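Novice:
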Amino acid sequence: MGPGFDFDVIQRSLPYLFRDGMTFTLTLTFMAMVGGIFFGTLLAMMRLSSIQPLPLVAGGYVNLMRSVPLVLVIFWFYFLVPYIGAWLIGANEPVKVGAFLSTVITFTMFEAAYYCEIMRAGIQSIARGQVWAGYALGLNYWQTMGRIVLPQAFRNMIPVLLTQTIILFQDTSLVYVISVTDFLGAASKVANRDYRLVEMYTFVAVVYFIVSFGLSVLVRRLQERIAIIR
Amino acid sequence: MNYPWNWKIFFAAEPGGTGTYLQYLIVGLGWTIATALAAWVIALVVGAVIGTVRTTPLRWAVRLGDAYVEIFRNVPLIVQMFLWFFVMPELVPTGIGDAIKQMPPPWGSYIPAVLCLGIYTSVRVAEQVRAGIGSLPRGQSMAGTALGLTLPQTYRYVILPMAVRIVLPPLTSEFMNIVKNSSVALTIGLLELTGRARAMQEFSFQVFEAFAAATLIYLLANLVVVFGMRALEAKVRVPGFIGAAPGAGGH
Numbered sequence: 008m009g010p011g012f013d014f015d016v017i018q019r020s021l022p023y024l025f026r027d028g029m030t031f032t033l034t035l036t037f038m039a040m041v042g043g044i045f046f047g048t049l050l051a052m053m054r055l056s057s058i059q060p061l062p063l064v065a066g067g068y069v070n071l072m073r074s075v076p077l078v079l080v081i082f083w084f085y086f087l088v089p090y091i092g093a094w095l096i097g098a099n100e101p102v103k104v105g106a107f108l109s110t111v112i113t114f115t116m117f118e119a120a121y122y123c124e125i126m127r128a129g130i131q132s133i134a135r136g137q138v139w140a141g142y143a144l145g146l147n148y149w150q151t152m153g154r155i156v157l158p159q160a161f162r163n164m165i166p167v168l169l170t171q172t173i174i175l176f177q178d179t180s181l182v183y184v185i186s187v188t189d190f191l192g193a194a195s196k197v198a199n200r201d202y203r204l205v206e207m208y209t210f211v212a213v214v215y216f217i218v219s220f221g222l223s224v225l226v227r228r229l230q231e232r233i234a235i236i237r
Numbered sequence: 006m007n008y009p010w011n012w013k014i015f016f017a018a019e020p021g022g023t024g025t026y027l028q029y030l031i032v033g034l035g036w037t038i039a040t041a042l043a044a045w046v047i048a049l050v051v052g053a054v055i056g057t058v059r060t061t062p063l064r065w066a067v068r069l070g071d072a073y074v075e076i077f078r079n080v081p082l083i084v085q086m087f088l089w090f091f092v093m094p095e096l097v098p099t100g101i102g103d104a105i106k107q108m109p110p111p112w113g114s115y116i117p118a119v120l121c122l123g124i125y126t127s128v129r130v131a132e133q134v135r136a137g138i139g140s141l142p143r144g145q146s147m148a149g150t151a152l153g154l155t156l157p158q159t160y161r162y163v164i165l166p167m168a169v170r171i172v173l174p175p176l177t178s179e180f181m182n183i184v185k186n187s188s189v190a191l192t193i194g195l196l197e198l199t200g201r202a203r204a205m206q207e208f209s210f211q212v213f214e215a216f217a218a219a220t221l222i223y224l225l226a227n228l229v230v231v232f233g234m235r236a237l238e239a240k241v242r243v244p245g246f247i248g249a250a251p252g253a254g255g256h
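One line per chain: the protein sequences are Z and Y, in this order.
The first sequence begins at 8 in my numbering and counts up by one.
The second sequence begins at 6 in my numbering and counts up by one.
1. What's the gap between the Cα of Y/G113 and the Cα of Y/I105?
2. Buried or exposed: which applies to Z/Y142, given that a residue is buried once 16 or more other Cβ atoms fall within 10 Å of its Cβ?
3. Count Cβ pairs between the region 139 to 151 of chain Y and the region 30 to 46 of chain Z that sit closer than 8 Å; are there 3 or more?
4. Closer than 6 Å by C-beta to Y/G194: which residues in its own chain qualify, once you throw out the five before and the five after it? Chain order, please.
5. Pairs of beta-carbons, one from the region 104 to 124 of chain Z and one from the region 74 to 87 of chain Z, closer than 8 Å: are there three or more?
6. So, for Y/G248: in the same chain, excluding its five sequence neighbours on each side, which residues have a beta-carbon less than 8 Å away from its beta-carbon?
7. So Y/L198 and Y/A219 are in contact, right, with Cβ under 8 Å, and what is the actual spacing, rounded?
8. Once DSSP output is grouped into helix, strand and coil, what is the label at Z/M188?
9. Could you name the residues that DSSP lists as bridge partners for Y/T25?
10. Give the single residue among Y/Y8, Y/L27, Y/R201 and Y/T61 whose Cα lies nearest to the Cα of Y/F15.
11. Taking C-beta pairs closer than 8 Å, name the residues in chain Z that Y/P216 reaches, listed in chain order.
12. With a threshold of 16 other CB atoms inside 10 Å of the CB of Y/E19, please say whether the residue is buried or exposed.
13. Between the Cα of Y/R129 and those of Y/V172, Y/V84, Y/G52 and Y/V229, spot the shortest distance and give me the residue it belongs to.
14. By the criterion of Cβ-Cβ separation under 7 Å, what are the contact partners of Z/Q177 in chain Y?
15. Among the residues of its own chain, which have a CB less than 6 Å from the CB of Z/G129, if the five just before and after it don't count?
16. Roughly how many angstroms lie between the CA atoms of Y/V50 and Y/T126, to the nearest whole one?
17. Whose Cβ in chain Y lies nearer than 7 Å to the Cβ of Z/S56?
18. Of all the options Z/G192, Z/V226, Z/A106 and Z/M207, which has the alpha carbon lying nearest to the alpha carbon of Z/F14?
19. Using 8 Å as the threshold, is the C-beta distance between Y/Q206 and Y/A217 below it?
20. At 9 Å on the CB atoms, spell out the chain Y contacts of Z/F220, in chain order.
21. I need the straight-line Cα distance from Z/V214 to Y/V84, nearest angstrom please.
22. Please confirm if Z/V75 has its CB atom under 8 Å from at least one CB of chain Y.
23. If you scan the region 38 to 80 of chain Z from start to end, which runs of the beta strand (DSSP E) of 3 or more residues do you find wholly inside it?
24. Contact check, Y/S140 vs Y/T159 under 8 Å by CB: the rounded distance?
25. Inspect the beta-carbon positions of Y/L196 and Y/A204 and report whether they are closer than 8 Å.
26. So is Y/W45 buried or exposed if we call it buried at 16+ other beta carbons inside 10 Å?
27. Under the assumption that Y/I47 contacts Y/V97 (Cβ atoms under 8 Å), give the Cβ distance between them as a whole number of angstroms.
28. Using a Cβ-Cβ cut-off of 6 Å (strictly less than) and excluding sequence neighbours within five positions of Y/A250, which residues of its own chain qualify?
29. Note the first and the last residue of the continuous alpha helix (DSSP H) segment covering Y/N186.
30. So Z/Y23 is in the alpha helix (DSSP H); what residue range does that whole segment cover?
31. Give me the chain Z residues within the contact set of Y/E95, using Cβ-Cβ distance strictly less than 7 Å, ordered along the chain.
32. Checking contacts by CB at 8 Å: is Y/G194 closer than that to chain Z?
33. Answer yes or no: do Y/Y8 and Z/Y90 have a C-beta to C-beta separation smaller than 8 Å?
34. Answer with yes or no whether the minimum CB distance from Y/G21 to chain Z is below 8 Å.
35. Compute the beta-carbon to beta-carbon distance between Z/C123 and Z/G47, rounded to the nearest angstrom, for a pair I have assumed lies under 8 Å.
36. For Y/G254 and chain Z, any beta-carbon pair shorter than 8 Å?
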């Protein structure tokens, strides 16, 4: 980084980068995390179910999502969501869906496959006797799951779920391919407008590093604190 | 839904004049594989070195290895892609930088993409190698020392031959990741499979046919890797050891 490194362009664009870009990135990450864990848990319950088509359907979906690149999935949903919307409300024309909603749906559906595998491992880590105890007490499936199995599975899996969320946070930068103004998109717009590619992309890398590294250190500490000593 | 399906589009000529859309996508698959394989070589070599170094008793080397892993693990792949493509040529001496920028397409984006993917994946390889070496009984390296071997000799004759056989199966899933991740190279202009499916959609407006074809090809590639992995796993399994640690979520 020679003397030509222009810090000024970063300083000038800070409000835009964080108020527009980072806000989008963080909101998307948070909503996709909540949605992804919700649908991922449902998928995991389906995969472990004994009602026949359910494990097959959930397994097929998870394997499909895990075998194709995220970039391709982003393209798929970007074009598919308007048609699904039209089908849902019975319109003849594809519905206009905003970039934000489209990306939230994409990342929720994609990450659900990854959260599913984590939750499946979490559910399987609970001793079988606990489920039997639940049924013996007269609880039904949903009560056993909701009150006995899932709370423990979540607790055991919190560090892994959070690590996956850090990956999700990094993955959201791929919305660049459909020209959405997330943190990277905002930086890229400034970079191309002012022809300051070196400065902007270096800055973006540093910010992503600080956030991801900081969070992963926190997750490691949390892991040490909540580990159950058996 | 009134989407004008047209599956015959694959046999129509693509506007670039290189043949049909089908051929166009197959060439894309070729680029995907070429990128993944070249990056895989870098990932294996660098990852094996970093992963091994992180298990040695050399404090400073372990620190350096840790720093390397943290840096390349905590920056998104697409941002690393931009760093290699836009930033790296500006930071090296002007002569080399200009030479890089003037490389004819597709090499101008192929080489940064390979370097980026290789380094990015080397971190994951390093983690697997470190875990593999860590899973060996401590007695093995102690036995090496007791026999009077030096540290490099212990690694060369005792630890690494075992580690290779333990680490290879989980590494195959990393290979699948590198194939998938190579699609990010479309952001720096490399027309690999996903990039070509996207281009086909822009030329022909047949969105779903183009992406369905790409999805199908990725699934087939996945299948090939999975079967190759099974064969390899059976071949390298160390007798007396329970199969290597499964990848996340797998069996």
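Note that CB positions come from ideal geometry on N, CA and C, so glycine has one too.
It should be emphasised that the depicted structure is a prediction, and the values quoted were computed from it without experimental measurement.
Specialist: So, from the data block:
1. 7 Å
2. exposed
3. no
4. S114
5. yes
6. Bear in mind that a pLDDT of 49 at Y/G248, under 50, signals an unreliable position, so the number given afterwards is only what the model happens to contain. These residues qualify, in order along the chain: P174, E238 and R242.
7. 6 Å
8. In the sequence under discussion, the amino acid at residue 188 of chain Z is Thr, which differs from the Met named in the question. Looking at Z/T188 - three-state DSSP - the assignment turns out to be coil, as it is neither helix nor strand.
9. Y/A18
10. Y/L27
11. Note on identity: in this sequence residue 216 of chain Y is Phe, with Pro being the wrong assignment. The answer, in chain order, is L79, F82, W83 and F86.
12. buried
13. Y/G52
14. P81
15. A160, N163 and M164
16. 11 Å
17. Correct list: empty, because the minimum Cβ distance to chain Y is about 17 Å.
18. Z/M207
19. no
20. E75, I76, R78 and N79
21. 11 Å
22. yes
23. none
24. About 16 Å separates the two Cβ atoms, so there is no contact after all.
25. yes
26. buried
27. Wrong, their Cβ atoms sit about 18 Å apart, outside the cutoff.
28. Note that Y/A250 scores 45 on pLDDT, short of 50, meaning its location in the model is unreliable; the coordinates nonetheless yield the value given after this. Closer than 6 Å at the Cβ level, and outside the excluded window around Y/A250, lies no residue.
29. L165 to N186
30. Segment: none, Z/Y23 is in no alpha helix (DSSP H) and carries neither H nor E.
31. V205
32. no
33. yes
34. no
35. 4 Å
36. For Y/G254, the pLDDT reaches just 35, beneath the cut-off of 50, and the residue's location in the model is therefore unreliable, although a value from the coordinates is still provided. Yes - at least one Cβ of chain Z is within 8 Å of the one on Y/G254.
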